Amino acid sequence: MEVERDQTVSSPTIPIVDLSNLDKELVARAVVKASQEWGVFQVVNHEIPKELIQSLKKVGTHFFELSSEAEKEAVATPANSKDIQGYVTNSQQDIEDKVDRVDHLFHNLPPPTSVDYRYWPKNPPEYRQVNEEYARQVKKLAEKILGWLSEGLGLDREALFNQGFGGGEKAVYTMKINYYPPCRPQANLVLGMEPHTDIHGLTLLVPNEIPGLQVFNDNQWFDVEYNPSVINILIGDPIWRMSNGKYKNVLHRTTLNTEKTRMSWVVLLKPPYDMVIEPLTKHTGDGDEAPKFKPITYGEHVERKVRDKLQKRS
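Position 228, counted from 1, in the sequence shown is what this note's numbering calls 228; the numbers after and before it change by one each time, with no gaps.
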């Protein structure tokens, strides 16, 4: 989809859902409505301690601001590796090369079968403890949201998590820290990340105080305003397919700041690579409920998206 860069709106209209509301049916309806109309929403009163989120940001920032490149390279993604885990830098690319100008650190979170501590920073020393506690907290939040989304499709509460992501020991949670350094020349024309929908199922994102995340809805870009109390939730491709298109896979991008570094801490919820992604059972009937998507494994979906992205750049 081609979109105009200058159609940007600063607006507070991105849905905000208060999870402390005692009327849980109202909360569920708000999550479903936001996912249908926007594919993105913000949650407040999510029960993840603000002190823990502050610690998460502190240890992540510490790693990226290390003066020793050797310590970063110690957890770098090996050359020619198909594993996305590790540290990768793209921020020094030329402005005209259309490569996302962002450094990343990827590493899988629990369950233990997916964790490889080789890719977890050793400096600062408390990095592992903070990230493991955050993983425990964010996992509860993600599964709560998936439960509401399942019920919004007329399915059992555990349907999306179990049938779509493989359940407790198969669903993969990955931490991705994005580091967008300042970009002074033509910064208003340069994107930290090009417009895209997420390749994975569910994104739970907290940024630092520097704005930059934008989402596309109703033929225009909306700034996602910073609020230290919220966690941003974005719907990705697999849930879009599992819901038979009822939930949006939100198109989004990141702009760069001319003077300050923007960072974000993103937990990605992904199915196993051999998991078949398809509309779930109750959405494969006749008429409007006929399946809109052919079955595809998550691994095939990833390969297709990566290939399409490379072809678009060439």
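Note that beta-carbon positions come from the ideal geometry of N, C-alpha and C, so glycine has one too.
Keep in mind the model is a prediction, meaning the values are calculated, not measured.
Counting only residues of its own chain and dropping the five nearest sequence neighbours on each side, Asp18 has a CB closer than 6 Å to the CB of Val44, Asn45. If you ignore the 5 residues before and after Gly167, its C-beta comes within less than 7 Å of the C-beta of Phe161, all in its own chain and listed in chain order.
Following the DSSP letters along the chain, one finds Met175 inside the beta strand (DSSP E) bounded by residues 172 to 180. The beta carbon of Arg157 sits closer than 7 Å to those of Gly147, Ser150, Glu151, all from its chain and outside the five residues before and after it, given in chain order.
Cβ atoms of Met193 and Thr254 come within 8 Å of each other, at about 4 Å.
Setting aside the 5 residues that flank it on each side, Thr61 is surrounded in the same chain by Met263, each with a C-beta closer than 7 Å to its C-beta; the list follows chain order.
Under the DSSP assignment, Gly152 falls in the alpha helix (DSSP H) whose first and last residues are 127 to 152.
Taking C-alpha positions only, Glu259 is separated from Val302 by approximately 34 Å. Burial of Gln163 is indicated by the presence of at least 16 other C-beta atoms within 10 angstroms of its C-beta. Ile53 carries a helical assignment under DSSP once its states are collapsed to helix, strand and coil.
Secondary structure of Val31 (DSSP, three-state): helix. Residue pairing of Trp265 in beta bridges, as defined by DSSP: Ile177, Val206. When rounded, the separation of the alpha-carbon atoms in Pro271 and Leu109 is 14 Å. Within the model, the alpha-carbon separation for Gly201 versus Glu51 is close to 27 Å.
Counting along the chain, Asp103 sits inside the beta strand (DSSP E) bounded by residues 103 to 108. The C-beta of Ser20 has fewer than 16 other C-beta atoms within 10 Å across all chains shown, which makes the residue exposed. Beta-bridge partners of Gln36 (DSSP): none assigned. Taking the Cβ atoms as the reference, Thr203 lies roughly 20 Å from Val130, outside the contact range of under 8 Å. Counting only the Cα atoms, Glu133 lies some 13 Å from Pro111.
Separation of the CB atoms of Ile199 and Gly245 is rounded to 17 Å, and the pair is thereby denied contact status at 8 Å.
In this chain, the alpha helix (DSSP H) harbouring Ile239 covers 237 to 242. Approximately 37 Å separates the beta-carbon atoms of Leu153 and Leu256; this is outside 8 Å, ruling out the contact. Counting only residues of its own chain and dropping the five nearest sequence neighbours on each side, Val59 has a CB closer than 7 Å to the CB of Pro124, Glu126, Tyr127, Val130.
Annotation: Glu259 is outside any alpha helix (DSSP H) and is labelled neither H nor E by DSSP. CA-CA distance, Ala70 to Leu268, rounds to 27 Å. For Ala70, the uninterrupted alpha helix (DSSP H) run begins and ends at 69 to 73, by DSSP.
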